[in-house]
Every structure is written in C-alpha cells, then in structure tokens.
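Undergrad:
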Amino acid sequence: MITNEKKEQLQSLMRKVETANGFRLIFLFVGLLLLLFLYFGNKMFADAAWFIRAGGIAFKIAEWDVVLIVITTFVKLYFSLKYNRLLKKD
Numbered sequence: 772m773i774t775n776e777k778k779e780q781l782q783s784l785m786r787k788v789e790t791a792n793g794f795r796l797i798f799l800f801v802g803l804l805l806l807l808f809l810y811f812g813n814k815m816f817a818d819a820a821w822f823i824r825a826g827g828i829a830f831k832i833a834e835w836d837v838v839l840i841v842i843t844t845f846v847k848l849y850f851s852l853k854y855n856r857l858l859k860k861d
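Heads up: the sequence shown is residues 772 to 861, going by the working numbering.
(1) Suppose the cutoff is 7 angstroms on Cβ atoms and the five residues either side in sequence are ignored; what does the same chain contact list for Ile842 look like?
(2) Is the beta carbon of Leu805 closer than 9 angstroms to that of Ile840?
(3) What is the C-beta distance between Gln780 and Leu857, in whole angstroms, given that I count them as a contact (C-beta under 8 angstroms)?
(4) Would you report the Cα separation of Tyr854 and Trp835, rounded to the nearest angstrom?
(5) Does the distance between the C-beta of Glu834 and the nearest non-hydrogen atom of the ligand ADP fall short of 8 angstroms?
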C-alpha cells in the first residue's frame with residue numbers, strides 16, 4: 772500500500788523528471804533548428820560572408836547545446852532511477 776508521504780515523494784520526483792525532460796526537448800529543438808539553418812543556409816548562401824560568420828557562431832552554440840542535452844539526459848536518468856527505486860521499495 773502506498774502512503775500519502777510516499778505519493779508526495781513520487782509526485783515530486785515525477786515533476787523533476789518531467790522538468791528535466793522538458794529542458795532536454797527544448798535543447799533538442801534548438802539543435803534541430805541550428806542544423807536546419809546550417810544545412811539549408813549552406814545550400815543557398817555558401818559564399819556569403821555573413822553566412823560564414825553566422826555558421827561559426829551556430830557551431831559554437833551547437834557545441835554548447837550538445838553539452839546541455841547530455842547533462843539534461845543524465846539529470847533525467849538520475850531522477851528516473853530515484854523514482855523507480857522509491858516505487859519498488861516497500
């Protein structure tokens with residue numbers, strides 16, 4: 772039987788998992804937009820000086836985006852493991 776205290780802990784952990792997942796999805800979407808910009812921009816504006824500068828900036832942003840995706844994935848994994856451990860513990 773699940774007590775009210777355990778339900779509150781489970782709900783708290785589930786909110787943390789959902790928050791971490793939300794941030795991860797935002798970072799994935801930003802990465803997708805950057806990749807689309809680089810791919811299609813390279814097809815249309817390959818020789819433009821502004822695109823070359825913007826592409827360099829986009830790659831730097833993409834590097835940080837990948838780091839943040841990895842961090843949020845591990846945070847989500849950590850809270851998911853805590854949630855599952857608490858759920859199985861009786």
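Yeah, the Cβ is synthetic: ideal placement off N, Cα and C, and Gly gets one too.
TA: On the basis of the coordinates in this document:
(1) none
(2) no
(3) 6 angstroms
(4) 28 angstroms
(5) This structure lacks the ligand ADP, and indeed carries no ligand of any kind.
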